[in-house]
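Trainee: Numbering (the UniProt record's numbering), first residue to last: 1 to 490.
Here a beta-carbon is modelled for each residue, glycine too, at the ideal position from N, C-alpha and C.
Model, not experiment: these values are computed from the prediction.
Pasting a structure here, questions to come.
Pasting the structure below:
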């Protein structure tokens, strides 16, 4: 967008410079023709007077319409002594002009040709005017006087047909060879001339085609300068910079409005995308949680625990820094069959809470499925810490009375395995599972021995009741079990 605006601005400036140059060329041709017309009047008067001074009479010409305000503001004949001999303007007494530059230049030189003065306040007309003068020669070639053609300073620029292309603040001006302002027009307004130069001419005359700030009205303009080859005059045409850039400014406003609109649209679209992206992230996180979390207990599920176990094995740097506790509830199927699955689910939730509490911040508890749980321990002394956590779990489960028919609490079999060097996650899990299975088998064997002893005792008691003469043997006592431990470590 900024590049496009820069291109548009440079294009507008280039077109304005071309337009200013064309205006300057047109003004040069117009000024050349206008000065030529003045010179023709001066030459006609000069030659006529030189051929017959006694018969020359401006009043006669004026009466016949040969001289009027349409051809010149005023025509004056000045004698060799500097006194006005006759004029188309009203004379009041003797008027002496020998001190004027446009008179003195011809007295001292005979090769000047047409001389154009700075604007001066006329002593005959009483108005500011530019004097176009030619020398009158006597038959012997000596100085015989001057023909003076007085013109309004605005005569060149007011009649310039290209003024309509200037705009409201454009400029056309004509300067003398020494830089004095002869005529100036800005838009539709004339600028009175008093012989001073409102433009910084020294840099302007050498610029050719550039941008300057007019010291008179402080308007920045793109100007073009040309010099007349015949009379040495300098013409300047300029276009106001702000007017030259009007179309560019309007286009810039459109571009900026479009940019703002598109920016708001992009911001809105970006906000909408951000909301969708945030929702997508939240949905993805929710799906990830669902895929990694057991829906019943809220613990990490088998998939997540497998990932955690593999990561722990991968970063395990020393033996004994990773251990695994395998937990399996005893007689859980009987609880489901007796009390229903709702009771079993409630028990699993309470067991999960106890496991999470026992694991604390130094271990991670997860559910593999059914009534099987594992606890992953990572520490420098992982095996010892796993033993302590397992003991806490047994104590917590023993104190948990969730099912009314099991007032003695919930029982579970626990197996502990420590990671050995070069052992995989699968092998560690299998080892912990084996340790748990050995505990469960031992408990089942102990239970069978206890059940057989109780049956034998019941038989003897029944036989004694039927044969009173029989002496009762020592009352049977249940045999001591080989091991009542619910935890085994490998």
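#1: For the segment 246 to 297, which segments carrying the alpha helix (DSSP H) assignment without a break, of at least 4 residues, lie completely within its bounds, in sequence order?
#2: Could you round the C-beta distance between residue 367 and residue 297 to whole angstroms and report it? I think they count as a contact, below 8 Å.
#3: Between the Cα of residue 377 and the Cα atoms of 369, 156 and 355, which residue gives the shortest distance?
#4: Would residue 243 pass as a contact of residue 169 if the rule is Cβ separation under 8 Å?
#5: Do residue 20 and residue 245 have their C-beta atoms closer together than 8 Å?
#6: Give the range of the alpha helix (DSSP H) segment to which residue 242 is assigned.
#7: If you measure between the beta carbons of residue 371 and residue 329, is that distance less than 8 Å?
#8: So is residue 304 buried or exposed if we call it buried at 16+ other beta carbons inside 10 Å?
#9: Measure from the alpha carbon of residue 132 to the alpha carbon of each residue in 324, 38 and 438, then state which is nearest.
#10: Express the C-alpha separation of residue 251 and residue 231 in angstroms, rounding to a whole number.
#11: Just to confirm the assignment, what range does the beta strand (DSSP E) spanning residue 151 have?
#12: Measure from the alpha carbon of residue 129 to the alpha carbon of each residue in 183, 46, 138 and 348, then state which is nearest.
#13: Using three-state DSSP, classify residue 218 as helix, strand or coil.
#14: Spatial neighbours of residue 138 within its chain, please: C-beta separation below 6 Å, excluding the five flanking residues on both sides.
#15: Assign residue 407 to buried or exposed, taking buried as 16 or more other Cβ atoms, counted over all protein chains shown, within 10 Å of its Cβ.
#16: At what residues does the alpha helix (DSSP H) containing residue 44 begin and finish?
#17: Evaluate residue 3 with the Cβ neighbour count: other Cβ atoms within 10 Å of its Cβ, from every protein chain shown; 16 or more gives buried, anything less gives exposed.
#18: Under a Cβ-count criterion, where at least 16 other Cβ atoms within 10 Å of its own Cβ denotes burial, should residue 405 be classed as buried or exposed?
#19: Would you report the Cα separation of residue 334 and residue 427, rounded to the nearest angstrom?
#20: If residue 383 sits next to residue 418, beta carbons under 8 Å apart, how far is it from one beta carbon to the other, in whole angstroms?
#21: In terms of residues, what are the limits of the alpha helix (DSSP H) holding residue 309?
#22: Buried or exposed: where does residue 72 fall if 16 or more other Cβ atoms within 10 Å of its Cβ makes it buried?
#23: Using the C-alpha atoms, what's the distance from residue 76 back to residue 100?
#24: Excluding the 5 residues flanking residue 279 on each side, which residues of the same chain have their C-beta closer than 6 Å to its C-beta?
#25: To the nearest angstrom, how far is the alpha carbon of residue 154 from that of residue 265?
#26: Could you tell me whether the Cβ atoms of residue 240 and residue 224 are closer together than 8 Å?
#27: Taking 8 Å as the cut-off, decide whether the C-beta atoms of residue 74 and residue 159 are in contact.
#28: Should residue 28 go down as buried or exposed, given a rule of 16 or more other Cβ atoms within 10 Å for buried?
#29: By the 10 Å Cβ neighbour count, where 16 or more other Cβ atoms means buried, how is residue 221 classified, buried or exposed?
#30: What did DSSP end up calling residue 331 once you bin it into helix, strand or coil?
#31: Alpha carbon to alpha carbon, how far is residue 187 from residue 102?
#32: Helix, strand or coil: which one does DSSP assign to residue 63?
#33: The beta strand (DSSP E) that contains residue 344, what's its start and end?
#34: For residue 79, which of helix, strand or coil comes out of DSSP?
#35: Residue 118 by DSSP, collapsed to three states: which one?
Mentor: By the coordinates alone:
#1: Listed in chain order, the complete alpha helix (DSSP H) runs (minimum 4 residues) inside the segment 246 to 297 are 246 to 292.
#2: 5 Å
#3: 355
#4: yes
#5: no
#6: 241 to 244
#7: Result yes, Cβ atoms of residue 371 and residue 329 sit closer than 8 Å.
#8: buried
#9: Residue 38 is the option with its Cα nearest to residue 132.
#10: 44 Å
#11: 143 to 151
#12: 183
#13: coil
#14: 144, listed in sequence order.
#15: Unreliable positioning characterises residue 407 in this predicted model, as indicated by a pLDDT of 48, which lies under 50. A coordinate reading is not provided.
#16: 2 to 51
#17: Sixteen is the threshold: since fewer than 16 other Cβ atoms of the shown chains lie within 10 Å of the Cβ of residue 3, the residue is exposed.
#18: Residue placement at residue 405 is poorly supported in this model, since its pLDDT is 46, which falls under 50; the coordinates still yield a value, given next. Flag for residue 405 reads exposed.
#19: 30 Å
#20: 4 Å
#21: Under the DSSP assignment, residue 309 falls in the alpha helix (DSSP H) whose first and last residues are 302 to 315.
#22: buried
#23: 14 Å
#24: Nothing listed; no residue qualifies.
#25: 57 Å
#26: no
#27: no
#28: buried
#29: buried
#30: coil
#31: 31 Å
#32: In this structure, residue 63 counts as helix in the three-state DSSP scheme.
#33: Residue 344 -> not in any beta strand (DSSP E); alpha helix (DSSP H) instead, spanning 341 to 359.
#34: Strand, per DSSP.
#35: coil
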